[in-house]
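K.L.:
Here you go, one structure.
Numbering (full-length UniProt numbering), first residue to last: 1 to 1115.
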């Protein structure tokens, strides 16, 4: 159904509501599926009208659509079942169980059995989980709160929960406007016409009582609609103004350019030619546009509003809109589409770039070769099939002496440079890089790792926002645009400037060179929303109009060059993809399916002359070019950025997508998988050594950000495949793996150049090639592994010692300790995703350090109160959650140096913070052993719970409680000296617990492995234990004798903190109370830490019982 048909349904809904057709209103809401009336839904739930509740829901979702829908229907049917039990209506309860709840047994058989057993109880409240069930009214209210959350989170209800803001009786107003138009078109209009019917067009009687010409013969009215079909809105004559001359088609303005440097065409349609006066008065209207969107429907406001390109200045709803499809008129775009098999939907590779990808481009010939530019100026070249990074280059100016003074000054002021765009030349022999500071660099590519400097151009004052190759006069050129509001064309061989195009009044955001009918031209877009078109003749722009969104817009042609599309995002986050009608200069269609408020500028691409794709709402959305409705959306197993950057290869068999934590996911269809497999086989047969071979599973785990116990937030993909031959063969007797000798594992104590008393915080860098420690005396220590013959990847390993790294200046990264005793303070730090900066505190001010130079970039938030925990927001590195020693949490914006919110809910200092970017929550823990869940949208507290301390255990007055999210971003690990526990976030319910016996040593720290399959925990008696996270059962125990010398075996030396490697799931490190740091890996012959214990009989998602003796660390 077209967008206008959809809007017509809303108008009808408003009309029916105003006329008090209540049942019909809700029937239409359900049948159309356009608007979910939450108030009506609430009323029906409160009244217990369960059949109507499910019938109404069926217009929007079905039980098996997704996990949210399944949960919605389950909660409703469970409530209906419990109410029948509460009334002791057993036959009704059995009927509900068999007819309604049985469907869920295929998804969770244990749960269905548990529900069935309620029939055997005299009062179902005897079940522990239902012991707090109150009366029916309160139970429905509690359930309704949960249902509303599920509905709001369900993507199928997106954009369906808000009714458009309309003026009263909007449909009547439109009909009156139509009648006014019809009356104005009467040949003999009467002063007071008598309108008696809407079934036929109005026509005033002639003076002699004869009737006006029939609509069939009236050229202004057009032909009657076909029998049986409702006339398309806008197809009738009364809506059509006097026909105006058709604007000159694209070839017209290209072949006959105007001699006027900048012809004024603002306000007109996107006609690529100077419009006539009539065209300015009656510009063409696109099928969907924001200017006639809902917040206001009054004609005065609409007529005064600034128009995006092609939007009419008339009050009526447009003349040349595409017709809407109604029943009986054909099936148009109403069918339901499944994702076609030729779309790349399978996550085939996950690559760790090391810094955030800003732009990507596949080689035009070697289509598994991916070029990447990042936010810190790095350039990476990947052979996707073999997962091999062929080349990695960091930004540097090749010849500073040839750079302009503004560029030199800019680099001194801000040395960090980002890549805005990378692109290959048509034959793949060159590629260009546009940077955020003045510079364009061109490299020549000769295959493999052979990449050579070709040209460096100081192109623009400010940022270079886009770069493209073009061939005017059959000569290869490079076109650039920038913050200085210009477009420039350079000779790709010599770097000589050929053209400069001026005329934009704002920074030029993007360019789209193209040729048609042997005419070369360039489209350009600027940040004020203006789109211009240029020929290579320095005669100025040929058109000047506004794009939907009127801010950041990019344009692209289909692969065959016949269809033009643009994608734009407004400053308010509204995004649009449209197709242009070049011959008429109008928006041909506007594609639907964007999130209401995009969390970034949406990027798009085209492929196969058939599909459009855009990164939006943490997913990739696909459209068929001929259908405005969303075809499908794919989340690539999760972990994508809010507005991921995307790029197809030439054949459309591969799609590169940027993900969280500096990752790139490469999606593939069947042809793409075959291509990657072929490349991988060729690579394995080659004797060429790998430069940076990332070992990943063929179908890697979900890409999600796992905030660590030390405040880091990283991507936990790119882990080596977990060995899965752990058989539960009954003939084998499971035995706990004990590591008691140094020869039974690989361990390494890191070299020390300075003496520190104890290690308080420890973290691997996101790249996996270094480890950072914060000592109790406020000094940071950094060790780096070097790439050499014995360590081809340069990653951390227990087999080779790293170097303790320090800059040539000799300075130390030391926290502010003014008026504090660092040994008594609570140290904390958090590492940026690209490993460039660390934020840290040791009781004094929070310091921001440069990890390369160790220089202090800034200090802020002097105590009191002092910071005790730091965590970066997963979607915005400028937002930091800071736990304080006064029990508050401050949400701080680094960029504007402002505390946005102060969260109060704990009674003692904050000891842990963790974000979930799936649930959009922050979980906090404190020394008061309390857990709190906060919504990150408004920072309201959703739930809180005091930790369950095992009976008989006494804890310190300020015992730390730490939290860390599982890879699924729904469950989280709780670490306390008395226990390990796994909680489910939405209900804040303890799912599993491993308590420490009263006679055993307390836990000092614990963390998930990078794939969340294991939990590493350290104890006060220097034991290190490895648990299976699925059931919190011990699988391996590393005893102190395996890594501490005999002289320390009876001392009080023990691990204070433990860290997991970001890519190697079986590597861990511990920081000791004597200042030492140890790295651990299992023996290469073993490859893993022990064997997973068999599942316990009857184990379920309940809290685990007290562990057996074998599950406890030896003392």
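Positions of the beta carbon are idealized from the N, C-alpha and C atoms, including for glycine.
Of the residues 821, 4, 447, which one's Cα is nearest the Cα of residue 845?
P.N.:
If we check each option's Cα against that of residue 845, 821 comes out closest.
K.L.:
Rounded to the nearest angstrom, how far is the Cβ of residue 592 from that of residue 3, given a contact under 8 Å?
P.N.:
Sure, about 6 Å apart at Cβ, within 8 Å.
K.L.:
Would you list the residues sitting across from residue 1118 in a DSSP beta bridge?
P.N.:
No answer is possible for residue 1118: it lies beyond the span of the chain, which begins at 1 and ends at 1115.
K.L.:
Hey, how far is the Cα of residue 56 from the Cα of residue 100?
P.N.:
Cα to Cα, residue 56 sits roughly 16 Å from residue 100.
K.L.:
Taking DSSP's pairing of strands, which residues face residue 990 in a bridge?
P.N.:
Its beta-bridge partners are 983.
K.L.:
Give the list of continuous beta strand (DSSP E) stretches no shorter than 3 residues that lie fully inside the stretch 1054-1091.
P.N.:
Whole beta strand (DSSP E) segments, 3+ residues: 1055-1060, 1068-1072, 1077-1081.
K.L.:
On the three-state DSSP scale, how would you describe residue 575?
P.N.:
Residue 575 falls in the strand class under three-state DSSP.
K.L.:
Give the straight-line distance between the Cα atoms of residue 594 and residue 616, rounded to the nearest whole angstrom.
P.N.:
Straight-line Cα distance between these residues: approximately 7 Å.
K.L.:
From this set, 972, 927, 900, 976, which residue's C-alpha is nearest residue 940's C-alpha?
P.N.:
For the residues 972, 927, 900, 976, the minimum Cα distance to residue 940 belongs to 900.
K.L.:
I need the DSSP call for residue 829, collapsed to helix, strand or coil.
P.N.:
Residue 829 falls in the strand class under three-state DSSP.
K.L.:
Mind listing, in chain order, the continuous beta strand (DSSP E) runs of no fewer than 3 residues lying wholly within the stretch 511-557?
P.N.:
With a minimum length of 3 residues, the continuous beta strand (DSSP E) runs that stay inside the stretch 511-557 are 519-526, 530-535, 543-546, 552-557.
K.L.:
What's the gap between the Cα of residue 556 and the Cα of residue 902?
P.N.:
Answer to the nearest angstrom: the Cα atoms are 45 Å apart.
K.L.:
When the cut-off is 8 Å and only beta carbons count, does residue 778 lie next to chain B?
P.N.:
Protein chain content of the structure displayed is limited to a single chain, and chain B is not contained in it.
K.L.:
Kindly list the residues whose CB is nearer than 7 Å to the CB of residue 503, restricted to its own chain and excluding five residues on each side of it in sequence; keep chain order.
P.N.:
So the qualifying residues of the chain are 262, 532, 540, 541.
K.L.:
Measuring only the C-alpha atoms, how far is residue 1071 from residue 1024?
P.N.:
Using only the alpha carbons, I get a separation of about 12 Å.
K.L.:
On a Cα-Cα basis, can you pick out the residue from 526, 455, 484, 191 that is closest to residue 492?
P.N.:
Among 526, 455, 484, 191, the Cα nearest to that of residue 492 is on 455.
K.L.:
Tell me the rounded alpha-carbon separation between residue 496 and residue 460.
P.N.:
One C-alpha to the other measures close to 14 Å.
K.L.:
Nearest by alpha-carbon distance to residue 575: which of 560, 561, 529 is it?
P.N.:
Of the candidates 560, 561, 529, the one whose C-alpha sits nearest the C-alpha of residue 575 is 529.
K.L.:
Use the C-beta contact count for residue 1044: other C-beta atoms within 10 angstroms, 16 or more gives buried, fewer gives exposed.
P.N.:
The residue is buried, with at least 16 neighbouring Cβ atoms inside 10 Å.
K.L.:
Do residue 184 and residue 201 have their CB atoms nearer than 8 Å?
P.N.:
Not a contact, by the Cβ cut-off of 8 Å.
K.L.:
Since residue 424 is in the beta strand (DSSP E), which residue starts that stretch and which ends it?
P.N.:
From DSSP, the beta strand (DSSP E) with residue 424 extends over 419-424.
K.L.:
As a quick exercise: from 1011, 121, 446, 103, pick the residue whose alpha carbon is nearest that of residue 89.
P.N.:
Residue 121 is the option with its Cα nearest to residue 89.
K.L.:
Is DSSP giving residue 808 helix, strand or coil here?
P.N.:
Coil at residue 808, not helix or strand.
K.L.:
How about the stretch 72-82 and the stretch 134-151: do they share at least three Cβ pairs that are nearer than 8 Å?
P.N.:
Touching, yes.
K.L.:
Starting from residue 872, trace the beta strand (DSSP E) both ways and give me its first and last residue.
P.N.:
Its beta strand (DSSP E) spans residues 867-873.
K.L.:
CB-CB under 7 Å to residue 429, same chain, minus the five flanking residues each way: which ones, in chain order?
P.N.:
Cβ within range, chain order: 444, 445.
K.L.:
Figure out for me which residue from 577, 514, 551 has the closest Cα to the Cα of residue 559.
P.N.:
Checking every option, the nearest Cα to that of residue 559 belongs to 514.
K.L.:
Hey, how far is the Cα of residue 1090 from the Cα of residue 1027?
P.N.:
Rounded to whole angstroms, residue 1090 to residue 1027 spans 10 Å at the Cα level.
K.L.:
Looking only at its chain, what residues have a beta carbon closer than 8 Å to the beta carbon of residue 38, apart from the 5 residues adjacent to it on each side?
P.N.:
Cβ within range, chain order: 148, 151, 161.
K.L.:
Mark residue 995 as exposed unless 16 or more other C-beta atoms lie within 10 angstroms of its C-beta, in which case mark it buried.
P.N.:
When all chains shown are included, residue 995 counts as buried.
K.L.:
Between residue 791 and residue 354, is the Cβ-Cβ spacing less than 8 Å?
P.N.:
In this structure, residue 354 does not lie closer than 8 Å to residue 791 by Cβ.
K.L.:
Please identify the residue among 34, 31, 13, 36 whose C-alpha is closest to the C-alpha of residue 25.
P.N.:
Among 34, 31, 13, 36, the Cα nearest to that of residue 25 belongs to 13.
K.L.:
Measure from the alpha carbon of residue 346 to the alpha carbon of each residue in 644, 64, 143, 653, then state which is nearest.
P.N.:
Measuring from the Cα of residue 346, the nearest candidate turns out to be 653.
K.L.:
Give the straight-line distance between the Cα atoms of residue 20 and residue 65, rounded to the nearest whole angstrom.
P.N.:
Roughly 33 Å separates the two Cα atoms.
K.L.:
Looking only at its own chain, which residues have a Cβ that is under 8 Å from the Cβ of residue 1075, when we skip the five neighbours before and after it?
P.N.:
Hits under 8 Å: 752, 755, 756, 757, 758, 759, 775.
K.L.:
Check this for me: beta carbons of residue 871 and residue 927, under 8 Å apart or not?
P.N.:
No. Outside cutoff.
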